[in-house]
Structures are given as structure tokens and as C-alpha cells.
Amino acid sequence: MLENVESSKTPTRLPLPANKKLIARFMADNTAWVIEGCYSSLLGYVMPHTSEIIFLNPGVETCIANSNNRPWEPHKYESPAAQAANAEMLVAWITEYDLRDDEFSLAAHRRLFDAYNGTKSEYSSNARPD
């Protein structure tokens with residue numbers, strides 16, 4: 035995940051130039067990679083180096099269900115209880131996804147996707163493509 039490359043102390047985020055150096059090193063050290071993330075500023079930096087992008091855009095309700103069903107993320111939370119304590123805030127944040135216009139918003143992700151001239155796909159559900 036992009037957040038694992040860009041910062042080891044979530045939710046604290048490194049300054050953008052430091053993040054770019056870490057990501058550049060990651061890309062240089064790996065001949066093939068998949069990067070997943072919601073930071074538009076970092077995705078925009080990575081996209082010129084990609085052969086393909088996939089926009090996972092299943093809608094807010096599916097994202098909430100996915101969030102509620104995700105396993106414990108030990109790289110983010112010290113315990114499953116700590117993760118559960120943050121669930122209400124996370125659901126509220128997801129609910130605003132298509133209303134915001136920050137770097138984590140549908141609008142920002144749509145701009146990146148629409149501007150990309152290479153091979154790209156958009157998935158609007160959790161169903162596996164044929």
C-alpha cells in the first residue's frame with residue numbers, strides 16, 4: 035500500500051518531498067509493483083511511471099461495507115480494539131468521499147483517472163472482472 039511506502043508512523047505523514055524520495059526508491063528497487071492508495075498527491079507522482087492504472091470505485095455504501103469487514107491493520111493500529119474505536123470516524127470520512135474536494139476525494143481521484151492517457155480500467159463493484 036502507498037501508505038506503507040510513504041510513512042512508517044501512520045497517521046503522521048512525512049512532507050511531500052520526503053515521500054517522493056521514498057516512493058522513487060521503492061520504484062527503483064522493484065521491477066514490477068502494484069501501489070494502492072488514496073493520496074492524490076502521491077498517486078499523481080507515481081502515475082507517470084505506471085504501465086496501467088485501475089480505479090476501484092465501488093461507491094460509498096460498498097466502501098463502508100468493505101471498511102466494516104476489513105481485518106485488523108497492525109501497521110495502523112496497536113490492537114483490534116484500537117481499530118474498532120476508530121471505525122465510526124472512518125465511516126463518517128468515507129460517507130463524505132463524493133462530497134469533498136480534497137486529495138482523498140472522488141473529485142481528485144476522478145481528475146487523475148480522467149487525465150491518464152495510458153491503459154486504465156475502472157471497477158464499480160467488488161465483483162471480479164471476467
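Okay, so the sequence shown: first residue is 35 according to my numbering, each after it adds one. Using N, Cα and C, we set each Cβ at its ideal position, and we do this for glycine too.
Top-ranked residue by Cα proximity to residue i, from the options
i: HIS143; options: ALA62, ALA58 and LEU76; result: LEU76
i: ALA58; options: PRO49, GLN117, LEU48 and HIS83; result: HIS83
i: GLY78; options: MET61, LEU146 and THR153; result: LEU146
i: CYS97; options: TRP127, PRO163 and ASP135; result: TRP127
i: ALA99; options: ALA121, GLU112 and SER113; result: ALA121
Beta carbon of residue i nearer than 9 angstroms to that of residue j
i: ILE87; j: SER155; result: yes
i: GLU137; j: SER74; result: yes
i: SER101; j: LEU133; result: no
Burial state of residue i (16 or more Cβ within 10 Å)
i: VAL68; result: exposed
Alpha carbon of residue i to alpha carbon of residue j, nearest angstrom
i: THR65; j: SER85; result: 12 angstroms
i: ASN91; j: TYR157; result: 6 angstroms
i: ALA161; j: ASN151; result: 25 angstroms
i: VAL80; j: ASP148; result: 15 angstroms
i: MET35; j: GLY71; result: Because MET35 sits at a pLDDT of 46, beneath the cut-off of 50, its placement in the model cannot be relied upon, and the point is left open.
i: ALA52; j: PHE60; result: 13 angstroms
i: ARG47; j: LYS54; result: 12 angstroms
i: ASP63; j: LEU50; result: 20 angstroms
i: ASP135; j: VAL94; result: 15 angstroms
i: ASN103; j: SER139; result: 22 angstroms
i: LYS110; j: PHE89; result: 23 angstroms
i: PRO105; j: THR153; result: 31 angstroms
i: ALA119; j: GLU112; result: 11 angstroms
i: ALA116; j: PRO108; result: 10 angstroms
i: PRO114; j: LEU56; result: 28 angstroms
i: ALA141; j: PRO163; result: 24 angstroms
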